[in-house]
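Q: Going letter by letter, the sequence shown gives residues 1127 to 1409 in the numbering used here.
In this text, a Cβ means the ideal position worked out from N, Cα and C, and glycines have one as well.
Please see the structure below; I have some questions.
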Amino acid sequence: MTDTALSTIAAKLYAESPADFISARDAQVKTADDRALATQIKALRKPSVAAWVVNLFAQERAAQLAEALRLAEELREAQADLDAATLAKLGRERRTLTRRLAQNAAELATSRGERITASTLDAVERTISAAFFDPDAAAAVASGRLVRELDPSESVDLGVAVGGGTPEAPAPPAVPADEVSARRERRAAERALHDAEQARERAEREKKKAEKTHDEAVARVQALETRAAELEKELAQTMKDAERAHADVDAAAEDRATAATQLAEAEHGESAAKDALGALIRN
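Structural data, given as structure tokens:
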């Protein structure tokens, strides 16, 4: 818990223009009735320009900032239930919201006569972004008592980043019970839709895979049937050729037998002629 008197005075001082901070702080020290309180006020550090811009916005646009921080908290809680694509989309929306809030804060500071440079605006945007990621940073920003800007990549030391005591976590705007229920039901419905879409996509992939397998099998059967028909045709022609070859073998066998008979007769005739010639020569 912060000391109420100190935090109230600090909030007022940190909404003052940085150029007037020291004089306003010293004036508060002089009017303080309690010596311990005066010492605490005197110890308050001057805020950076970026911290002052955020403080001014936190105090004068408290409802707008609280709504943004509440949405950021809901997003942090819901991250475990979201897929990468949805998280990327929400991340882009969060960056857009951060830039818009930082620009609104800069415009508010400009209306108070302060010149806001590009580097200051960038520091304001980083500070608001840090509040979206870290509950301690959110408490520091919502306090309206920042001493220096914050960074999303760094942890927050509330004792160093905030003046006038450690701030409490910002109380979210009251949300009707029926709205809470509706949001939960919507979140459950979105998860169910996401699961159904994923199931449909898987089924579509399996269907395409099965159709491809079927088409390939049909094509393979057609190719084999065509080849079988070609082989049957070749077999029929081969059987015909074999029958003709058998007939040629039979004819050749007959011709060979006839030739053998003729050879035997010729050899017998030759032998008789030799015998007759030999007898003539002897006589």
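Which first and last residues belong to the alpha helix (DSSP H) in which P1261 is found?
A: P1261 -> alpha helix (DSSP H) spans 1261-1269.
Q: Check for me: the alpha helix (DSSP H) holding S1416 runs from which residue to which?
A: Given a span of 1127 to 1409 for the chain in the structure shown, any question on residue 1416 remains unanswerable.
Q: Out of L1139, A1145, R1353, Q1166, which one is the CA nearest neighbour of Q1185?
A: Per the Cα distances, L1139.
Q: Less than 8 Å separating the beta-carbons of I1148 and K1172?
A: Yes, the Cβ-Cβ distance between I1148 and K1172 is below 8 Å.
Q: Go to N1181, then tell me how far its alpha helix (DSSP H) extends in each direction, as first and last residue.
A: Looking at the DSSP string, the run of the alpha helix (DSSP H) that includes N1181 is 1175-1186.
Q: Can you check which of these residues, A1145, A1329, L1197, Q1154, is closest to L1223 by C-alpha distance?
A: Comparing Cα positions, the closest option is L1197.
Q: For V1288 and L1272, which I take to be in contact (beta-carbon distance under 8 Å), what is that distance rounded to the nearest angstrom?
A: Yes, V1288 and L1272 are in contact; Cβ-Cβ is about 6 Å, under 8 Å.
Q: Indicate the three-state DSSP secondary structure (helix, strand or coil) for V1286 in the structure shown.
A: DSSP places V1286 in helix when its eight states are reduced to three.
Q: Between P1293 and A1265, which are expected to be in contact by the criterion C-beta below 8 Å, what is the C-beta distance as a whole number of angstroms?
A: 5 Å between Cβ atoms; contact.
Q: Assign A1355 to one of two classes, buried (16 or more other C-beta atoms within 10 Å of its C-beta) or exposed (fewer than that).
A: The residue is exposed, with fewer than 16 neighbouring Cβ atoms inside 10 Å.
Q: The alpha helix (DSSP H) that contains R1218, what's its start and end?
A: Where R1218 is concerned, the enclosing alpha helix (DSSP H) stretches over 1210-1237.
Q: Nearest-angstrom Cα distance between A1189 and D1152?
A: If I take the Cα positions, the gap works out to 31 Å.
Q: Determine the contact status of V1179 and A1141, defining contact as a CB-CB distance below 8 Å.
A: No, they are not a contact pair.
Q: Out of L1132, P1261, Q1348, A1329, which one is the CA nearest neighbour of V1155?
A: Closest by alpha carbon: L1132.
Q: Considering only the alpha carbon of each residue, which of S1279, L1284, E1280, P1278 lies closest to G1270?
A: That would be L1284, whose Cα lies nearest to the Cα of G1270.
Q: Taking the C-alpha atoms as reference points, what is the distance between R1274 and V1267?
A: Their Cα atoms are separated by approximately 10 Å.
Q: Is the CB-CB distance between L1182 and L1234 below 8 Å?
A: In contact: L1182 and L1234 (Cβ atoms closer than 8 Å).
Q: Using DSSP with H/G/I as helix, E/B as strand and the rest coil, what is L1195?
A: L1195: helix per DSSP, three-state reduction.
Q: So if DSSP puts L1272 in a beta bridge, which residue, or which two residues, is it bridged to?
A: Partner(s): V1288.
Q: Here's the rule: buried if 16 or more other CB atoms are within 10 angstroms of the residue's CB, otherwise exposed. What is T1253?
A: Answer is buried; the Cβ neighbour count reaches 16.
Q: Have a look at P1299 and E1200 and give me their C-alpha separation to the nearest angstrom.
A: Caution is warranted here: a pLDDT of 49 is assigned to P1299, below 50, making its placement in the model unreliable, and no coordinate value can be reported.
Q: Could you check which residue in R1382, A1378, T1339, N1230 has the C-alpha nearest to that of R1187?
A: Looking at the Cα atoms, N1230 is the closest of the given residues.
Q: Pull up the distance between the alpha-carbon of A1158 and that of P1261, whole angstroms please.
A: About 33 Å.
Q: For E1323, which of helix, strand or coil comes out of DSSP?
A: Correct three-state label for E1323: helix.
Q: Please check the pair E1251 and R1218, which I expect to be a contact at CB under 8 Å, by giving their CB distance rounded to whole angstroms.
A: About 15 Å separates the two Cβ atoms, so there is no contact after all.
Q: By DSSP, does A1303 sit in helix, in strand, or in coil?
A: The predicted position of A1303 is uncertain, since its pLDDT is 48 and thus under 50; no value can be drawn from it.
Q: Pull up the CB-CB distance for A1164 and T1246, whole angstroms please, since I reckon it's below 8 Å.
A: Contact doesn't hold; Cβ gap of about 32 Å is too wide.
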